[in-house]
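*Asks:* In the working numbering, the protein residues as written are 174 to 861. Beta carbons: idealized from backbone N, C-alpha and C, even for Gly. No experiment lies behind these values; they were computed from the predicted model shown.
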RNA sequence: GCGCCCGUAGCUCAGCUGGAUAGAGCAACGGAUUUCUAAUCCGUAGGUCAGAGGUUCGAAUCCCCUCGGGCGUACCA
């Protein structure tokens with residue numbers, strides 16, 4: 174079934190074409206005559222309005238009002254609308270016939286699965302890249318948006334009939350790798366030293382003195398001296414070979430519990446990050462080793478160099494580039510363990526969030542590690558990439574540095590390490606070539622806009638992409654209550670798990686207060702649905718591109734335009750169905766016999782018209798990747814239902830009126846359920 | 001400096017290739033419950049769409065300038 178707005182658009186565009194081509198042949202040669210049918214701005218104008226006539230009049234250099242009159246003569250919508258009217262400077266107002274609404278509703282009613290919404294006639298293979306948390310890091314509120322918006326986009330596209338391939342491009346390569354190895358090293362040394370782990374004290378000190386440069390330098394130097402002591406001491410054959418302590422520690426890691434490792438590694442990751450940030454500009458150096466290009470048997474294969482202390486993890490990253498080598502076996506095992514544990518925790522969050530992402534959807538940066546050199550080489554061969562300051566770069570047009578020079582897209586650093594630009598290119602190629610993607614969608618925050626613009630441009634330069642094949646679906650940053658961006662500095666992140674737990678807890682308190690008679694088990698289920706639903710809905714209902722002000726109170730408020738409002742409407746309908754038995758009303762029977770509807774009451778007709786529009790809302794949300802179009806539709810639906818509910822008794826209605834009202838209830842429930850559960854991944858309890 | 005995004009009611013935000021008198025929620029105020037769940041409904045009040053100019057039948061929306069905020073800007077993601 175086509176949406177009403179599409180039918181109207183088609184018919185009125187045809188009428189406009191007929192009128193436009195008569196008076197002005199040159200206009201007809203252009204790209205058609207869009208009627209631009211929109212929901213009416215004000216109910217007094219009817220249900221839909223045509224905006225396109227005035228634009229056409231402008232093109233034809235004619236009077237819009239007169240043109241609208243001419244179009245009116247050609248319009249054939251008598252089966253759908255009351256007589257259309259010209260209004261204002263050249264609008265055409267359309268009002269649906271109650272009969273048409275009733276017939277439409279009866280058709281939707283028959284289609285249990287899709288509520289009368291057609292599948293696309295041009296199905297595509299769409300790759301959606303979303304969520305993408307970082308290994309060894311707790312997911313925080315910043316990951317919430319990518320995860321649930323991405324999931325919603327997948328659900329919308331799947332429902333439209335596209336083949337969707339989810340890709341969880343987790344951060345498990347590049348710098349993350351070096352930081353985890355360094356973090357594990359600190360874990361080892363802290364355990365050797367015993368007592369309260371030194372990194373916990375260091376984190377506190379670094380935070381306290383973040384703005385006192387002199388003291389910060391003293392602290393960092395103290396850390397560095399301890400670091401070098403530990404490093405110097407840890408060897409059997411050659412300085413710093415790690416055979417005395419670190420290597421046995423890595424072996425021992427296998428015997429430890431996941432949860433114990435997870436808790437520590439997330440803190441250590443923060444530690445390494447915070448230490449490196451603190452070190453910037455302090456000028457401290459440290460000793461490390463690099464493998465010689467050639468060496469004799471029994472000779473120390475390493476030589477020792479001095480590097481800036483803050484670049485140590487990056488140095489390790491470069492060394493670990495060959496993680497698949499035999500020498501690095503232990504590091505590789507440890508790394509895979511950390512990766513596995515991290516994924517376990519991410520998937521726990523996905524389960525709680527009701528997000529459809531499985532282990533099969535995980536294809537992280539590390540999965541492309543074997544394609545990185547060929548990606549770079551191919552670009553060098555095409556002369557797309559060039560060497561500049563020892564780094565391998567591509568200079569796409571239109572991007573400039575601070576100094577006004579061309580801005581490079583760096584795909585290999587001067588130390589030989591690859592970057593996320595390289596993995597992104599390799600991933601993009603994989604998606605086009607192997608996954609046969611017609612379309613690739615990246616769901617990330619707006620700060621990466623320039624990166625993606627460059628990525629897409631480079632991929633086009635290399636001939637790997639067609640126009641219009643990739644989209645960056647971006648969203649705003651997460652802000653704190655003070656309106657400033659929530660920095661990813663350690664400690665300031667709000668852990669997603671804790672946020673979700675609190676949401677459920679608050680919901681539980683409300684359920685307890687409103688409906689204390691329910692069995693405990695049910696109260697728990699309701700609290701989960703309401704709490705998680707509220708958090709997700711708060712995010713969906715915001716404009717995607719705006720910044721996101723994070724506030725417990727706002728997210729967890731359960732009044733007004735929130736998920737619980739819709740869940741409540743649903744629960745009321747289910748309650749009517751339960752009550753029907755005691756009132757000797759056979760709902761199933763009345764619904765199955767229904768042949769026509771009686772939409773006499775204002776509230777009935779308003780609700781019916783809203784129900785007819787569900788397909789339009791889904792379509793616009795999917796077309797623009799904007800879940801908030803869907804949430805505002807559902808909110809309006811619930812509002813119209815609530816008005817209907819208070820003015821139109823259902824079970825106590827006259828027997829002749831009752832089937833219509835039962836159908837309105839049933840269809841409202843099905844639409845809310847479909848929108849919330851199927852498309853937004855929000856549960857709808859039968860009671861609350 | 002340059003590039004991108006943003007500025008709408010006291011607060012949080014919608015506003016869909018430019019469309020009619022700019023809409024919601026929260027907070028405030030007034031009303032509604034012997035009747036299917038009041039996590040509700042009905043109503044009142046609240047605006048120089050940051051400011052100035054331009055484009056046109058018509059601008060919150062497009063262009064220019066100013067002010068204010070954010071992000072990015074060669075080896076982090």
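#1: Output the residue ranges of the beta strand (DSSP E) runs that lie fully inside the stretch 697-729 and measure 3 residues or longer, sorted by chain position.
#2: For the 8 Å Cβ check, are there 3 or more pairs between the stretch 405-425 and the stretch 497-513?
#3: With 16 other CB atoms within 10 Å as the buried threshold, where does residue 262 fall?
#4: What alpha helix (DSSP H) runs, 4 residues minimum, are completely inside the stretch 226-294?
#5: Determine which residues share a DSSP beta bridge with residue 479 and list them.
#6: In the DSSP assignment, the beta strand (DSSP E) including residue 618 goes from what residue to what residue?
#7: Tell me, to the nearest whole angstrom, how far the beta carbon of residue 325 is from that of residue 713; I am working on the premise that it is less than 8 Å.
#8: Quick one: grab the DSSP three-state call for residue 182.
#9: For residue 566, which residues does DSSP report across the bridge?
#10: How many angstroms separate the CA atom of residue 660 from the CA atom of residue 539?
#11: Thinking C-alpha only, which one of 276, 302 and 808 is nearest residue 647?
#12: What span of residues does the beta strand (DSSP E) with residue 212 cover, start to end?
#13: In chain order, what residues of the same chain have a beta carbon less than 6 Å from the beta carbon of residue 202, not counting five sequence neighbours either side?
#14: Assuming contact is defined by CB atoms lying nearer than 8 Å, are residue 743 and residue 857 in contact in what I supplied?
#15: I'd like the list of long-range same chain contacts for residue 564, defined as Cβ closer than 8 Å, with 5 residues on each side in sequence excluded.
#16: So, with DSSP's three-state summary, where would you put residue 743?
#17: Curious, which full-length alpha helix (DSSP H) runs of at least 4 residues does the stretch 797-824 contain?
#18: For residue 835 and residue 780, which I take to be in contact (beta-carbon distance under 8 Å), what is that distance rounded to the nearest angstrom?
#19: Just the C-alpha distance for residue 513 and residue 826, rounded to the nearest angstrom, thanks.
#20: In chain order, what are the residue ranges of uninterrupted beta strand (DSSP E) at least 3 long that sit wholly in the stretch 299-372?
#21: Check for me: the alpha helix (DSSP H) holding residue 387 runs from which residue to which?
#22: Provide the residue(s) that pair with residue 222 in DSSP beta bridges, ordered along the chain.
#23: Check residue 572 in the structure and name its three-state DSSP category.
#24: Quick one: using the 10 Å Cβ neighbour count with 16 as the cut-off for buried, is residue 409 buried or exposed?
#25: By DSSP, does residue 422 sit in helix, in strand, or in coil?
#26: Kindly indicate the opening and closing residues of the beta strand (DSSP E) around residue 731.
#27: When you compare the stretch 358-368 with the stretch 315-332, are there three or more beta-carbon pairs, one atom per stretch, that lie closer than 8 Å?
#28: Look up residue 667 in the DSSP assignment and say whether it is helix, strand or coil.
#29: Alpha carbons only, please: which of 703, 719 and 428 is nearest the one belonging to residue 859?
#30: Look up residue 652 in the DSSP assignment and say whether it is helix, strand or coil.
*Replies:* According to the data block:
#1: none
#2: yes
#3: For the purposes of this step, residue 262 is taken as the residue at position 89 of the first chain. Residue 262 should be labelled exposed.
#4: 237-247 and 271-283
#5: Residue 479 sits at position 306 when you count from the first residue of the first chain. For residue 479, which the question treats as bridged, DSSP gives the partners 460.
#6: Looking up residue 618 in the first chain gives position 445. Looking at the DSSP string, the run of the beta strand (DSSP E) that includes residue 618 is 612-618.
#7: On the first chain, residue 325 is found 152 positions in, with the first residue counted as 1. On the first chain, residue 713 is found 540 positions in, with the first residue counted as 1. The Cβ separation is near 7 Å, so the contact holds.
#8: Numbered from 1 along the first chain, position 9 holds the residue referred to as residue 182. Three-state result, residue 182: helix.
#9: Walking along the first chain from the start, residue 566 turns up at place 393. 559 and 583, per the DSSP bridge assignment.
#10: As a working note, residue 660 is residue 487 in the first chain. As a working note, residue 539 is residue 366 in the first chain. The predicted model places residue 660 with a pLDDT of 49, which falls under 50 and marks its position as unreliable; any figure quoted below should be read in that light. Cα to Cα, the separation comes out at about 26 Å.
#11: Along the first chain, read from residue 1 onward, the residue named residue 647 stands at position 474. Residue 302 is the option with its Cα nearest to residue 647.
#12: Working through the first chain from its first residue, we reach residue 212 at position 39. 210-212 is the span of the beta strand (DSSP E), which, as asked, contains residue 212.
#13: Numbered from 1 along the first chain, position 29 holds the residue referred to as residue 202. Residue placement at residue 202 is poorly supported in this model, since its pLDDT is 40, which falls under 50; the coordinates are not used for a value here.
#14: As a working note, residue 743 is residue 570 in the first chain. As a working note, residue 857 is residue 684 in the first chain. Cβ atoms of residue 743 and residue 857: closer than 8 Å.
#15: Working through the first chain from its first residue, we reach residue 564 at position 391. Here the set comprises 581, 583, 585, 586 and 587.
#16: For this step, residue 743 is matched to residue 570 along the first chain. Residue state, collapsed to three classes: helix.
#17: 800-820
#18: As a position in the first chain, residue 835 is number 662, starting the count at 1. As a position in the first chain, residue 780 is number 607, starting the count at 1. At roughly 13 Å, the Cβ-Cβ gap does not stay under 8 Å, so residue 835 and residue 780 are not in contact.
#19: On the first chain, position 340 is the one that residue 513 refers to. On the first chain, position 653 is the one that residue 826 refers to. When rounded, the distance between both Cα atoms is 59 Å.
#20: 336-340
#21: Position 214 of the first chain, counting from 1, holds the residue named residue 387. 386-406 is the extent of the alpha helix (DSSP H) around residue 387.
#22: Here the question's residue 222 lines up with position 49 in the first chain. DSSP lists 211 and 266 as partners of residue 222.
#23: To locate residue 572, count along the first chain from 1; it is residue 399. Coil.
#24: Here residue 409 refers to the residue found at position 236 when the first chain is read from its first residue. The residue in question, residue 409, is exposed, as its Cβ has fewer than 16 Cβ neighbours within 10 Å.
#25: By 1-based counting over the first chain, the position of residue 422 is 249. It is helical.
#26: Counted from its first residue, the first chain places residue 731 at position 558. Unbroken run through residue 731: none, as it is neither H nor E.
#27: no
#28: If you number the first chain from 1, residue 667 lands on position 494. In the structure shown, residue 667 sits in coil (DSSP, three-state: anything other than H, G, I, E or B).
#29: Here residue 859 refers to the residue found at position 686 of the first chain. Taking only the C-alpha atoms, the option nearest residue 859 is 703.
#30: Taking the first residue of the first chain as 1, we reach residue 652 at position 479. Three-state result, residue 652: strand.
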